[in-house]
Amino acid sequence: MDCRSIKQRNYFLAKPLSTEEGKYPLAYARLVYGSYRFLEAEFATNYQPQNWYCFAVDAKIGDKLFFKRIKALARCFSNVIVPSKRFPVDSDGAHMGTAYMSCLEELSKKKYKWDYVFTLQNDDIQIKTNEEIIRILKWLGGANDVQYQLDHKELIQKIYKKFNWTFKDLKLFKDEKINNQVDSEGKLLSLKISKGLVQASLARPFVDFIVQKLDLTQLHHHINNCGEYACDELFFQTLVATDVLKAPNSFTHKCIDKDIYTPYLV
18 MDCRSIKQRN YFLAKPLSTE EGKYPLAYAR LVYGSYRFLE AEFATNYQPQ NWYCFAVDAK
78 IGDKLFFKRI KALARCFSNV IVPSKRFPVD SDGAHMGTAY MSCLEELSKK KYKWDYVFTL
138 QNDDIQIKTN EEIIRILKWL GGANDVQYQL DHKELIQKIY KKFNWTFKDL KLFKDEKINN
198 QVDSEGKLLS LKISKGLVQA SLARPFVDFI VQKLDLTQLH HHINNCGEYA CDELFFQTLV
258 ATDVLKAPNS FTHKCIDKDI YTPYLV
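Just so you know, our numbering puts the end of the sequence shown at 283, numbered straight through with nothing missing.
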């Protein structure tokens, strides 16, 4: 499969549809494992030359042709990225956060200019135009758009007991001094475990923060070994809603504590 055949099958925009869209580039981080023709069609339908597209390919897929096709797509478009690091994701959620971070680590490089990144899974479909998405994101004023679920309190308590979630135990910050900080009661700072769907809209400053300031190795280990279904749904939600993390563009756990439902906007 070559670039010519890809472009013969589809129409791809050559320039942004408006000045507003050209000045507000977006990024997409999608975990993929199959159905290449669907992925190509979805990519072509919503393609914007100013946007960035990262495909994190499941390391355990046996279909070598699928991986070759994704790599061919990346060779055809300069704004498509396929990380060299691959991880074996599964339906329980193991390694999904790690795989997403392989895209975010690439997209966080200074040469890639974008304002928000969307975390998507293989079969997700974009239902709004690029222009509509940008207008919603501008209304957000830079806030992350992350969904939270309030009906998993027993699961969260079980996970709290399984591991130590203090910054110190997680070795969360690359700056070790921050890991040793305590709250007003003298307790070590800890992550506040939260849960929701993995699909999210993350602002650039937040992504740069978790890539550049945090060491997520131990957090990935805990989530990958939580022993429960869909533990990947803890990853971004926890980082976004832990107030003491002081991550830019983040959410507050106070709404979750008060059982205030927080749906998606985008």
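Idealized CB from N, CA, C, for every residue including glycine.
Legend entry - Contact under 7 Å by Cβ, Val134 with Ala264: Translated into positions along the sequence shown, residue 134 becomes position 117. Translated into positions along the sequence shown, residue 264 becomes position 247. No, the Cβ-Cβ distance between Val134 and Ala264 is not below 7 Å.
Inset, instruction - Would you kindly work out how many angstroms separate the C-alpha atoms of Asp128 and Asn96, rounded to a whole number? - result: Taking the first residue of the sequence shown as position 1, residue 128 is located at position 111. Taking the first residue of the sequence shown as position 1, residue 96 is located at position 79. Here residue 128 turns out to be Lys, not Asp, going by the sequence shown. Asn96 has its alpha-carbon roughly 11 Å from the corresponding atom of Lys128.
Inset, instruction - Give every residue of the same chain whose Cβ lies closer than 6 Å to the Cβ of Cys20, excluding the five residues on either side of it in the sequence, and list them in chain order. - result: Taking the sequence shown and counting its residues from 1, the one referred to as residue 20 is at position 3. Around Cys20: Cys93.
Legend entry - Secondary structure of Thr234, DSSP reduced to three states: On the sequence shown, residue 234 is found 217 positions in, with the first residue counted as 1. In the structure shown, Thr234 adopts helical secondary structure according to DSSP, grouped into three states.
Legend entry - Assigned exposure category for Asp162 - 16 Cβ within 10 Å defines buried: Against the sequence shown, residue 162 aligns to sequence position 145. Classification for Asp162: buried.
Legend entry - Proximity of Ile210 and Ile176 at Cβ, strictly below 7 Å: Numbered from 1 along the sequence shown, position 193 holds the residue referred to as residue 210. Numbered from 1 along the sequence shown, position 159 holds the residue referred to as residue 176. Going by C-beta atoms, Ile210 is nearer than 7 Å to Ile176.
Legend entry - Nearest-angstrom Cα separation, counted from Ser101 out to Lys155: Within the sequence shown, numbered from 1, the residue matching residue 155 stands at position 138. Within the sequence shown, numbered from 1, the residue matching residue 101 stands at position 84. Distance between Lys155 and Ser101, taken at the CA atoms: about 33 Å.
Inset, instruction - Put Ile78 into one of helix, strand or coil per three-state DSSP. - result: In the sequence shown, counting from the first residue as 1, residue 78 sits at position 61. It is coil, neither helix nor strand.
Legend entry - Top-ranked residue by Cα proximity to Arg103, from Ile151, Ile78, Gln65, Lys271: Within the sequence shown, numbered from 1, the residue matching residue 103 stands at position 86. It is Ile78.
Inset, instruction - Taking Tyr117 as the reference, give the member of Leu137, Lys126, Trp131 with the closest Cα. - result: Within the sequence shown, the letter at position 100 stands for residue 117. Minimum Cα distance to Tyr117 is reached at Leu137.
Inset, instruction - Confirm, please, whether the CB-CB distance from Gln143 to Lys212 is below 7 Å. - result: As a working mapping, residue 212 is identified with position 195 in the sequence shown. As a working mapping, residue 143 is identified with position 126 in the sequence shown. No; because the gap between Cβ atoms is not below 7 Å, this pair is not in contact.
Inset, instruction - Using alpha carbons as the reference points, say which of Lys230, Pro222, Ala247 lies closest to Val215. - result: For the purposes of this step, residue 215 is taken as the residue at position 198 of the sequence shown. Ranking the options by Cα distance to Val215, first place goes to Ala247.
Legend entry - Cross-strand partners of Leu219 (DSSP beta bridge): The sequence position of residue 219 within the sequence shown is 202, counting from 1. Val134, per the DSSP bridge assignment.
Inset, instruction - Reducing DSSP to helix, strand and coil, say where Thr183 ends up. - result: What you label residue 183 is simply residue 166 of the sequence shown in a count that begins at 1. Residue state, collapsed to three classes: strand.
Inset, instruction - Quick one: using the 10 Å Cβ neighbour count with 16 as the cut-off for buried, is Gln65 buried or exposed? - result: Against the sequence shown, residue 65 aligns to sequence position 48. That one is buried.
Inset, instruction - Determine the burial state of Glu123: buried for a count of at least 16 other Cβ atoms within 10 Å of its Cβ, exposed for fewer. - result: Sequence index remark: in the sequence shown, residue 123 carries index 106 (1-based). Glu123 counts as buried, since no fewer than 16 other beta carbons sit within 10 angstroms of its beta carbon.
Legend entry - Distance between beta carbons of Ile98 and Ile91, contact taken as under 8 Å: Against the sequence shown, residue 91 aligns to sequence position 74. Against the sequence shown, residue 98 aligns to sequence position 81. First, the residue type needs correcting, since residue 91 is Ala and not Ile in the sequence shown. Contact flag correct, Cβ pair sits at about 7 Å.
Legend entry - Contact under 7 Å by Cβ, Glu245 with Leu172: As a working note, residue 245 is residue 228 in the sequence shown. As a working note, residue 172 is residue 155 in the sequence shown. Leu172 sits close to Glu245, with the two beta carbons spaced by under 7 Å.
Inset, instruction - Report all residues from its chain with a CB closer than 8 Å to the CB of Asp75; omit the five preceding and five following residues, and keep chain order. - result: Locating residue 75 in the sequence shown gives position 58, counting from the first residue. Excluding residues within five positions, the ones whose Cβ falls inside 8 Å are Leu48, Val49, Tyr50, Arg103, Phe104, Pro105, Val106, Ala116.
Legend entry - Which residues DSSP lists as bridging Ile98, in chain order: By one-based count along the sequence shown, residue 98 stands at place 81. Paired residue(s): Cys71.
Inset, instruction - Grab the span of the alpha helix (DSSP H) containing Leu256 for me, first residue to last. - result: Taking the sequence shown and counting its residues from 1, the one referred to as residue 256 is at position 239. Going by DSSP, Leu256 is part of the alpha helix (DSSP H) stretching over 252-258.
Inset, instruction - With a cut-off of 8 Å on the beta carbons, I'd call Thr183 and Leu205 a contact; round off their distance for me. - result: For the purposes of this step, residue 183 is taken as the residue at position 166 of the sequence shown. For the purposes of this step, residue 205 is taken as the residue at position 188 of the sequence shown. Indeed, because the Cβ distance is near 4 Å, the residues count as touching under 8 Å.
Inset, instruction - In angstroms with no decimal places, state the Cα-to-Cα distance between Phe83 and Gln198. - result: Your numbering for residue 83 matches position 66 in the sequence shown. Your numbering for residue 198 matches position 181 in the sequence shown. Whole-angstrom Cα-Cα distance: 47 Å.
Inset, instruction - For the alpha helix (DSSP H) holding Leu157, just list the boundary residues, first then last. - result: By one-based count along the sequence shown, residue 157 stands at place 140. The continuous alpha helix (DSSP H) containing Leu157 extends over residues 147-157.
Inset, instruction - State the CB to CB distance for the pair Asn266 and Gly159, rounded to an integer number of angstroms; the pair is presumed to be in contact (CB under 8 Å). - result: Locating residue 266 in the sequence shown gives position 249, counting from the first residue. Locating residue 159 in the sequence shown gives position 142, counting from the first residue. Indeed they touch by this definition, with Cβ atoms about 5 Å apart.
Legend entry - Neighbourhood of Met3 by C-beta, 6 Å cutoff - its chain only, sequence neighbours within 5 removed: For residue 3 there is no data in the structure shown, the boundaries of the chain being 18 and 283.
Legend entry - For Asp249, three-class secondary structure by DSSP: Here the question's residue 249 lines up with position 232 in the sequence shown. Looking at Asp249 - three-state DSSP - the assignment turns out to be helix.
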